[in-house]
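> Just dropping this structure here.
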Amino acid sequence: MKLSGAEIVVKCLEKEGVEVVFGIPGGAIMPLYDAMHRMASFKNILTKHEQGAIHAADGYARVTGKVGICIATSGPGATNLVTGLANAHLDSIPIVAFTGQVSTNLLGTDGFQEVDISGISIPITKNNYIVRDVNELASIIKEAFHIARTGRPGPVLIDLPKDVQFARTDFEYPRKDKFLGYQPSIKGNDKQIKSAAQEILKSKKPVIYAGGGVISSNASVELKELAFKANIPVTTTLMGIGSFPENHLLSLGMLGMHGTYYANSAIQNADLIIALGTRFDDRVTGKLTEFGLKAKIIHIDIDPAEIGKNILVDIPIVGDLKKILQKLNKQVTEKNEKEWLKTIKELKNKYPLTYIKNEELKPQYILEKVYDAVGGDAIIVTSVGQHQMWAAQFFQYTQPRTFVTSGGLGTMGFGLPAAIGAKVGCPKKNIICISGDGSFQMNIQEIATALNNNLPIILILMNNGYLGMVRQWQELFFERRYAKTTLNGNPDFIKLVEAYGGTGIRVTSKKEVMPSLKKALSSKGFILLDCIIPKEENVYPMVAPGGSITEMLGVNGK
Amino acid sequence: MRHTIAVLVKDHPGVLTRVASLFNRRGFNIESMAVGHTSEKDISRMTIVVGGDERVLEQIIKQLNKLIDTVRVKDIDPDLSVQRELALIKVKTSSLVIRSEIIQTVDIFRAKVVDVNSKIITIETTGTEDKIDALLELLKPFGIEEVVRTGKIAISRGINTVRLPKN
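Protein chains in written order, with our numbering: chain A, -18 to 539; chain B, 237 to 403.
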């Protein structure tokens, strides 16, 4: 039986086990929306902006580990996906994005709503396609899913000209995908793994530096096995949060610019750094030439291009972290470097992560109370800025895929739509979105999406009336010249949420926090806690720009 | 330090853009690039000459390998390969004497005259970059009107090949 291109897309998505798509219809994608309307077995969630759709797909992918799907029309629909593609690309999140396109006979003529989204998205997708022939459609979709989820995951875009969506052909979903060239290394070099094991056994001051790759390869169990067996302290990057239980003695929390002093100090004093699924980003390393100078470095990553990109390493291993750690763990015997662990313990006691506790409604206090209110069991989704760093610092994460944040791109406005995707992916979990008042207003329209789809999400607004992180930098490094960081003209957020049909509670004092959280947790719909926090609270500690990671300001929270 | 890299790519629309975009974004400087079909169906071969130290070269090769359309990437060792470039050169010939002088030079370089009229002589030459540079230098005094060069292509000597991976 012949199917139209649009129907083939639906069939392929079903074959791939897709549960939900996020998107917005428009002229050039109408055939696909019509086909989904008629025959799709999966959910189809309408967002209010295409950026919301792709961040929702991203949030869904992060909490489930599955491929997120978003759909937009041609032209402005497609360009509205650009930030989301870049966001997923930098954080290695598997997404397949479909865009409508003008018919093939109009391609290249500057037709109505025509934009070269394939050209635009080359540097921010793992791969992309323009489907010019309906007979290639099924195999392209198969290939796109394979590429998105294997190796180092990432977003893939498929551009669908309108006539290709209408064109009919026989449908058969290819069984096996043939790839010339694309063959991610998985196993890891056995010799290198052996040398890594030897270095670990030899080391006196080892530290594990774990990144988002631990989460994407589902290697948390193996990471814990390695750390527990050889008593190695573990610090995670922002993307690696949740890969190792932060309530464990060996946990050093996050490292880097707003990491703990003891994590950064451990790195600088270590004789062996075991870098797992991570890429030595500048926010982690600080001044690169002074990073981990006393240490040998073992670097395990799925992407060979990350090896030696920013920093020269002693033992590189390319492959899937889970598989490699399984092999490595067999070769690492139990050990316990008591002196080193004692040093670590002293550092942790001497320089704890803290803040000035007083009568004010501090954001750090709110996060501690959030932790108490949910007993640590929630998925925290953030936007970008000060609130993001506080959320990384002051909630203790113990499970992978429970902290969803825009790491590499730092996309303000990511939080709310990503929380929507997270709730759709994990409907039984408490989904708590932490946002600033700046970030919130960058995708505020998605309140409607949460309400329309009956998604009980708690949004905790850290409202300080500033673009807070920029203001903090202006205070510290631009002599307090607050150039355009004051958010004059903020709406009454409670009234705004109520106008959409949701609930809002204003929180202005410490004593209101717990009761409001309890109310929010029992709420059946979208609920906002508008927390009025001190206007000039800063995120500490902080590595001064250009400094090495132990040159930190505010080590004792002030 | 200059390197010659052979890249086999799937012959898709846009593959050239992908490669060029990668070089541009990562700040790798392309000195020349030559592209053509291979004996394999739907596979093209690019020969790219780039500047950079060993570490830059390593990154270039890794980044090229990351492109889904890339099938194979190989750094071609200049000592173990044959490297050629083709150039077409138009030179002014104001008199018969000058024309014969030019033709002498052409002969010395084992180049070829491929077109001639009373005002212009067009020369074709193949060889290493140095040879073409030397010929151009000698022709310069006559007045070079136009030059077009293909960019370098290279092939390994002996049994080494840059071909599709087996299977």
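For glycine and all other residues, C-beta sits at the position ideal for the given N, C-alpha and C.
Keep in mind it's a predicted model, so treat the numbers as computed, not measured.
Closer than 9 Å, CB to CB, is Ile103/A near chain B or not?
Start at 1 with the first residue of the first sequence, and residue 103/A comes out as number 122. Taking Cβ atoms only, chain B reaches closer than 9 Å to Ile103/A, which makes this a yes.
> List the endpoints of the continuous alpha helix (DSSP H) containing Pro496/A.
The residue given as residue 496/A occupies position 515 in the first sequence. Start and end: Lys491 to Leu502.
> Using C-beta distances below 8 Å, list every residue in its chain close to Lys308/A, excluding the 5 sequence neighbours before and after it, in chain order.
On the first sequence, residue 308/A is found 327 positions in, with the first residue counted as 1. The answer, listed in chain order, is Gly169, Asp171 and Ile174.
> Residues in its own chain within less than 7 Å of Phe126/A by CB, not counting five upstream and five downstream?
Locating residue 126/A in the first sequence gives position 145, where the first residue counts as 1. Counting only Cβ-Cβ distances below 7 Å, and skipping sequence neighbours, we find Glu(-3), Val48 and Val77.
> Runs of 4 residues minimum, wholly inside the stretch 291 to 324 of chain B: which ones carry the alpha helix (DSSP H) assignment?
List check, alpha helix (DSSP H) in window: nothing returned.
> Can Lys499/A be considered in contact with the ligand ZN, in the sense that its beta carbon sits closer than 8 Å to one or more heavy atoms?
Absent from the structure shown: the ligand ZN. Ligands present: none.
> At a CB-CB cut-off below 7 Å, which residues of chain B make contact with Lys290/A?
Against the first sequence, residue 290/A aligns to sequence position 309. The answer, in chain order, is Gln295.
> Using 10 angstroms around the beta-carbon of Gly263/B, count the other beta-carbons present and answer buried if the total reaches 16, otherwise exposed.
As a position in the second sequence, residue 263/B is number 27, starting the count at 1. When all chains shown are included, Gly263/B counts as exposed.
> Name the chain A residues that come within less than 9 Å of Ile389/B, Cβ to Cβ?
One-based indexing of the second sequence puts residue 389/B at position 153. Within 9 Å Cβ-Cβ: nothing; Ile389/B doesn't reach chain A, min ~21 Å.
> Compile a chain-ordered list of the residues in the stretch 69 to 92 of chain A whose CB is closer than 9 Å to at least one CB of chain B.
Result list empty, no residue passes.
> Identify whether Asp263/A lies in helix, strand or coil by the three-state DSSP scheme.
On the first sequence, position 282 is the one that residue 263/A refers to. DSSP places Asp263/A in helix when its eight states are reduced to three.
> What do you get for Lys388/B, buried or exposed, if any count of 16 or more other CB atoms within 10 angstroms of its CB means buried?
Your numbering for residue 388/B matches position 152 in the second sequence. Looking at its Cβ environment, which holds 16 or more other Cβ atoms inside 10 Å, Lys388/B is buried.
> With a threshold of 9 Å between beta carbons, is Ser336/B in contact with chain A?
By 1-based counting over the second sequence, the position of residue 336/B is 100. By this cut-off, Ser336/B is not an interface position.
> What are the boundary residues of the alpha helix (DSSP H) that Cys(-7)/A is part of?
Here the question's residue -7/A lines up with position 12 in the first sequence. It spans Gly(-14) to Lys(-4) - the alpha helix (DSSP H) in which Cys(-7)/A sits, taken as one unbroken run.
> So, are the CB atoms of Gln32/A and Gly56/A less than 9 Å apart?
The count along the first sequence starts at 1 and reaches residue 32/A at position 51. The count along the first sequence starts at 1 and reaches residue 56/A at position 75. It is not a contact, given that the beta carbons lie outside the stated cut-off.
> Determine the contact status of Ile35/A and Asn68/A, defining contact as a CB-CB distance below 9 Å.
Numbered from 1 along the first sequence, position 54 holds the residue referred to as residue 35/A. Numbered from 1 along the first sequence, position 87 holds the residue referred to as residue 68/A. In contact: Ile35/A and Asn68/A (Cβ atoms closer than 9 Å).
> Closest by CA to Gln369/A, which one among Gly389/A, Asp353/A, Gly357/A and Ala354/A?
As a first step, residue 369/A must be located in the first sequence, where it is residue number 388. Gln369/A has its Cα closest to that of Gly389/A, out of Gly389/A, Asp353/A, Gly357/A and Ala354/A.
> Please return the same chain residues whose Cβ sits closer than 6 Å to the Cβ of Asp284/A, not counting the five positions on each side in sequence.
What you label residue 284/A is simply residue 303 of the first sequence in a count that begins at 1. Cβ neighbours of Asp284/A beyond the five flanking positions: Arg133.
> Answer yes or no: do Thr349/A and Pro515/A have a C-beta to C-beta separation smaller than 9 Å?
Position 368 of the first sequence, counted from the first residue, corresponds to residue 349/A. Position 534 of the first sequence, counted from the first residue, corresponds to residue 515/A. According to the sequence displayed, residue 349/A carries Glu and not Thr. Taking 9 Å as the Cβ cut-off, Glu349/A and Pro515/A do not qualify as a contacting pair.
> With burial defined as no fewer than 16 other Cβ atoms inside 10 Å of the residue's Cβ, what is the status of Ser(-15)/A: buried or exposed?
Taking the first residue of the first sequence as position 1, residue -15/A is located at position 4. By the neighbour-count rule (16 or more Cβ atoms within 10 Å), Ser(-15)/A is buried.
> Does DSSP put Leu468/A in a helix, a strand or coil?
The residue you call residue 468/A lines up with position 487 of the first sequence. Leu468/A: coil per DSSP, three-state reduction.
> What in chain B is Cβ-close to Tyr163/A, meaning under 7 Å?
If you number the first sequence from 1, residue 163/A lands on position 182. Within chain B, the residues near Tyr163/A are Ile304.
> In terms of residues, what are the limits of the alpha helix (DSSP H) holding Asp351/B?
Translated into the one-based positions of the second sequence, residue 351/B becomes position 115. Element bounds for Asp351/B: not the alpha helix (DSSP H) but the beta strand (DSSP E), Lys348 to Val352.
> Could you list which residues in chain B have their beta carbon closer than 7 Å to that of Ile283/A, in chain order?
The sequence position of residue 283/A within the first sequence is 302, counting from 1. Residues of chain B passing the Cβ test: none, with the nearest at roughly 11 Å.
> Which of the three DSSP states, helix, strand or coil, is assigned to Phe79/A?
Here residue 79/A is taken as the residue at index 98 of the first sequence, counted from 1. Strand at Phe79/A.
> List in chain order: all unbroken alpha helix (DSSP H) runs of 4+ residues lying wholly within the stretch 375 to 400 of chain B.
Fully enclosed alpha helix (DSSP H) runs of 4 or longer: not present.
> Pop quiz: Pro187/A and Ala251/A are said to be a contact at Cβ under 8 Å. What is the actual Cβ separation, rounded to whole angstroms?
Reading the first sequence from its first residue, position 206 is the one you call residue 187/A. Reading the first sequence from its first residue, position 270 is the one you call residue 251/A. About 6 Å separates the two Cβ atoms, so the contact holds.
> Can you confirm whether Leu400/B, when its beta carbon is compared against all beta carbons of chain A, has any partner nearer than 9 Å?
Mapped onto the second sequence, residue 400/B falls at position 164. Chain A, which has a Cβ nearer than 9 Å to the Cβ of Leu400/B, makes this yes.
> Mind checking Pro214/A: buried by the 16 CB within 10 Å criterion, or exposed?
Position 233 of the first sequence, counted from the first residue, corresponds to residue 214/A. Counting Cβ neighbours within 10 Å, Pro214/A comes out buried, since at least 16 surround it.
> Do you know whose CA, among Glu321/B, Arg393/B and Ile304/B, lies nearest Arg254/B's CA?
Here the question's residue 254/B lines up with position 18 in the second sequence. When each option's Cα is compared against that of Arg254/B, the closest is Ile304/B.
> Closer than 7 Å between beta carbons: that is the criterion. Which residues of the stretch 247 to 275 of chain B meet it against chain A?
Here the close residues are Gly250, Thr253, Arg254, Ser257 and Arg261.
> Just the Cα atoms here: how many angstroms apart are Leu71/A and Val520/A?
What you label residue 71/A is simply residue 90 of the first sequence in a count that begins at 1. What you label residue 520/A is simply residue 539 of the first sequence in a count that begins at 1. About 24 Å.
> So which of Glu318/A, Cys(-7)/A and Asn433/A has the shortest CA-CA distance to Lys505/A?
Along the first sequence, read from residue 1 onward, the residue named residue 505/A stands at position 524. Out of Glu318/A, Cys(-7)/A and Asn433/A, Asn433/A has the C-alpha closest to the C-alpha of Lys505/A.
> Between Val327/B and Thr358/B, is the Cβ-Cβ spacing less than 9 Å?
One-based indexing of the second sequence puts residue 327/B at position 91. One-based indexing of the second sequence puts residue 358/B at position 122. Yes, these two residues count as a Cβ contact at 9 Å.
> Excluding five sequence neighbours on each side, which residues of the same chain lie with their C-beta closer than 7 Å to the C-beta of Tyr14/A?
For the purposes of this step, residue 14/A is taken as residue 33 along the first sequence, with counting starting at 1. The residues are Pro6.
> Using the three-state DSSP reduction, which class does Gly4/A fall into: helix, strand or coil?
Looking up residue 4/A in the first sequence gives position 23. In the structure shown, Gly4/A sits in a strand (DSSP, three-state: E or B).
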